[in-house]
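Residue numbers (our numbering): 1 to 322.
Glycine is no exception: its CB is placed at the ideal position from the N, C-alpha and C atoms.
Every value quoted in this text rests on a predicted model; they were computed, and no experiment measured them.
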Amino acid sequence: MPITNWCVNHCGYCSFRSSVPLLLSMEECKRLAKQAYAQGVVEALVMTGEGIDRHKGLKNQLKEWGYDSYAAYTAEVCKMCLDVGLLPHANIGTLEEWEYEILKPYNVSMGMMMETVSAEATRIAHRTAPTKTPEVRLASLEAAGKLGIAFTTGILVGIGESPEERVETLEAIAEVHGRYGHIQEIILQPLNPQPMTPMARWARPPDEEVAALIPEVQRLMPGVHIQVPPNLVDDLLGLIMAGADDIGGIAPEPDHINPNRHWPKLGNLDQSLHQEDIALRLRMPVYDEFIEAGWCPPETLPALRRMLERREAQESLPVEIA
């Protein structure tokens, strides 16, 4: 659910960003949420550009609607999604602690890609992206940990960093996770060059470079899940065999960030994995172990229970909520 495509950043690989400062109204968000729930969707991935409060026109629009910050409006969208029955996972970029405090009650989990700590990659891909500096991203990751938010993060592979700097990025994430234990999964996302962007002619990293990072995640953050986006790699089965245990969310709509890379068909994927004695299992936007350990805010529990009951009816595998 992209509330707005406007963004303060101009990343070298991004085709999601728009210069048009438009916000989805609450009515439109509710229409999309109800439509999604009727289709059997589990998660409302509330996504957006970054730095919305820095745009005077968008800030004025929010004030007209009765909100003093973009975080406050996004929180209301997430609350509405819970009322509809969806499980919100807000990923609206770099946030400060006060913004996480506003959003936490209405999200079963949240996310923000760390991307890289590489100075060279930052110079190349994030030269005009003020919220993508490593220091700002790490501070946001730290703020989420302080507040006990089950969190998804990850790295972007192939934007100018060295193999050693990829590991350094994972080490930086692991250091924060070591203090708070809040990282539920690491996404290993290869660059997918987009037409009409500054990095359009860059090569897409081979799967082997993604696979090389799987044991590093396992070494640095034992027990943290490893996600590989299934539409951005060529040999998904090989990466699963190498240790990836999550394929993220597969939506009934195109990938908003990578519209030129189609989702795999679940039936075909299930069949191919079954031949290797690997089973697909539906998960919530927050992992079962975080649910059982009581990480989910009280406001999210009614919708979460209903969604778990739906899964249990399909699988007969009950999950207790702490």
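Buried/exposed call for residue i, threshold 16 Cβ in 10 Å
i	result
Arg-306	exposed
Asp-255	buried
Gln-39	exposed
Gln-189	buried
Pro-318	With a pLDDT of 48 at Pro-318, under the threshold of 50, the modelled position of that residue is not reliable, and the figure given next carries that caveat. Exposed, by the Cβ-count rule.
Thr-128	exposed
Gly-248	buried
Val-20	exposed
Arg-137	buried
Ala-36	buried
Ser-18	exposed
Three-state secondary structure (DSSP) of residue i
i	result
His-225	strand
Ile-3	strand
Ile-187	strand
Val-319	Reliability of the predicted coordinates at Val-319 is poor, the pLDDT of 49 falling under 50, and the value obtained from them is presented with this limitation in mind. DSSP places Val-319 in coil when its eight states are reduced to three.
Leu-45	strand
Leu-95	coil
Thr-122	helix
Ser-140	helix
Glu-10	The sequence shown places His at residue 10, not Glu. Residue state, collapsed to three classes: strand.
Ala-244	coil
Leu-213	coil
Val-108	coil
Phe-151	strand
Val-157	strand
Ala-279	coil
His-177	helix
Thr-197	coil
C-beta contact flag for residue i and residue j at 7 Å
i	j	result
Leu-103	Ala-75	yes
Arg-261	Leu-280	no
Ala-121	Gly-160	yes
Ala-251	Ile-226	no
Leu-304	Cys-296	yes
Ile-173	Met-114	yes
Ala-144	Val-286	no
Thr-131	Thr-169	no
Pro-134	Val-117	yes
Lys-59	Asp-53	yes
Ile-183	Val-224	yes
Ala-125	Gly-12	yes
Pro-230	Leu-236	yes
Gln-194	Ser-15	yes
Rounded separation between residue i and residue j - CA only
i	j	result
Thr-341	Ile-186	Since the displayed the chain opens at 1 and closes at 322, residue 341 lies outside it and no answer follows.
Lys-265	Thr-4	28 Å
Gln-271	Ile-278	9 Å
Lys-34	Glu-28	10 Å
His-10	Pro-198	10 Å
Gly-51	Leu-282	33 Å
Arg-314	Asn-107	This sequence places Gln at residue 314; Arg is not what is there. Near 24 Å, if we compare the C-alpha coordinates of Asn-107 and Gln-314.
Arg-219	Val-167	11 Å
Leu-62	Pro-2	16 Å
Ile-240	Leu-213	13 Å
Glu-216	Asp-234	21 Å
Ile-257	Leu-156	13 Å
Asp-246	Val-228	6 Å
Val-77	Ala-139	25 Å
Glu-171	Leu-141	13 Å
Ala-200	Gly-294	44 Å
Glu-165	Ile-92	25 Å
Trp-202	Leu-191	9 Å
Residue i CB to nearest heavy atom of the ligand FMN below 6 Å
i	result
Ala-172	The model on display carries no ligand, and the ligand FMN is accordingly not part of it.
With a cut-off of 8 Å, do at least 3 Cβ pairs link the stretch 76-95 to the stretch 288-301?
-> yes
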